[in-house]
Ligand code: IMP
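In the working numbering, the protein residues as written are 1 to 193.
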């Protein structure tokens with residue numbers, strides 16, 4: 001069976017292909033002839049994830065899933081959340097986003113937060129959602145150079161290093177995205193045994 005992953009992010013495609021096994025062939029947006037930027041306008045992570053998958057299913061008639069992620073900080077009422085990529089503005093700079101987040105947390109003691117990913121699957125007209133999370137704390141300064149986004153200031157619970165101080169392999173064992181993908185893969189594999 002062919003299943004579209006509504007992304008052109010090669011890293012995400014590789015990650016999913018590596019764990020989904022041989023039964024399902026994963027194709028990217030480009031591979032189904034979709035070269036447009038998918039809208040993300042619902043205001044929530046779950047909503048945007050569904051919006052992207054639904055667009056592909058309805059316009060290209062192919063079974064499909066999409067992901068959307070963000071960082072939710074308790075003492076900022078869940079911000080940056082759905083706006084994680086553009087927290088400091090439309091330039092989508094990870095560096096600027098971290099700067100704004102640390103500024104907004106100045107003097108705030110509660111640094112509890114979580115990364116969350118929601119995957120929405122459109123399969124033969126039925127809709128399924130899978131959520132993965134990793135909880136942790138926002139540090140006061142950056143540590144590490146691996147990963148991307150907010151990784152250098154996020155220390156997962158149970159660890160004494162940030163996501164940016166982990167190898168990709170280590171991060172993929174505990175990350176929100178990996179956990180959501182694992183749930184998706186388990187579901188798909190159970191359907192197509
Ligand atoms: P996306 O939906 O996966 O594109 O994620 C949206 C934004 O959330 C990214 O641009 C990052 O700012 C942040 N983000 C998502 N996942 C991660 C992660 O694994 N590490 C650090 N930041 C992340």
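For each residue, glycine too, the CB sits at the ideal point set by N, CA and C.
CB-CB length for residue i against residue j, believed under 8 Å
i: residue 54; j: residue 122; result: 6 Å
i: residue 65; j: residue 13; result: Wrong, their Cβ atoms sit about 12 Å apart, outside the cutoff.
i: residue 19; j: residue 102; result: About 34 Å separates the two Cβ atoms, so there is no contact after all.
i: residue 80; j: residue 70; result: 7 Å
i: residue 176; j: residue 133; result: 5 Å
i: residue 192; j: residue 23; result: 5 Å
i: residue 49; j: residue 135; result: Contact flag wrong, Cβ pair sits at about 20 Å.
i: residue 137; j: residue 113; result: 7 Å
Three-state secondary structure (DSSP) of residue i
i: residue 113; result: strand
i: residue 166; result: coil
i: residue 152; result: helix
i: residue 89; result: coil
i: residue 49; result: helix
i: residue 54; result: helix
i: residue 188; result: helix
i: residue 38; result: coil
i: residue 20; result: helix
i: residue 119; result: strand
Element boundaries [alpha helix (DSSP H), containing residue i]
i: residue 67; result: Per DSSP, residue 67 belongs to no alpha helix (DSSP H); it is in the beta strand (DSSP E), 64-73.
i: residue 101; result: 94-104
Closer than 7 Å: residue i CB and nearest the ligand IMP heavy atom
i: residue 46; result: no
i: residue 101; result: no
i: residue 70; result: yes
i: residue 177; result: yes
i: residue 67; result: yes
i: residue 84; result: yes
i: residue 8; result: no
i: residue 97; result: yes
i: residue 11; result: no
i: residue 147; result: yes
i: residue 76; result: no
i: residue 194; result: Here the chain has residues from 1 to 193 only, and residue 194 is not among them.
i: residue 115; result: yes
i: residue 105; result: no
Terminal residues of the beta strand (DSSP E) in which residue i lies
i: residue 128; result: 126-138
i: residue 25; result: 25-27
i: residue 5; result: 2-5
Residue i classed as buried or exposed, judged by whether at least 16 other C-beta atoms fall within 10 angstroms
i: residue 51; result: buried
i: residue 45; result: buried
i: residue 108; result: exposed
i: residue 249; result: It is not possible to answer for residue 249, since the shown part of the chain is limited to 1 through 193.
i: residue 126; result: exposed
i: residue 67; result: buried
Any non-hydrogen atom of the ligand ZN within 7 Å of residue i CB
i: residue 163; result: Looking for the ligand ZN in the displayed structure turns up nothing; the ligands present are the ligand IMP.
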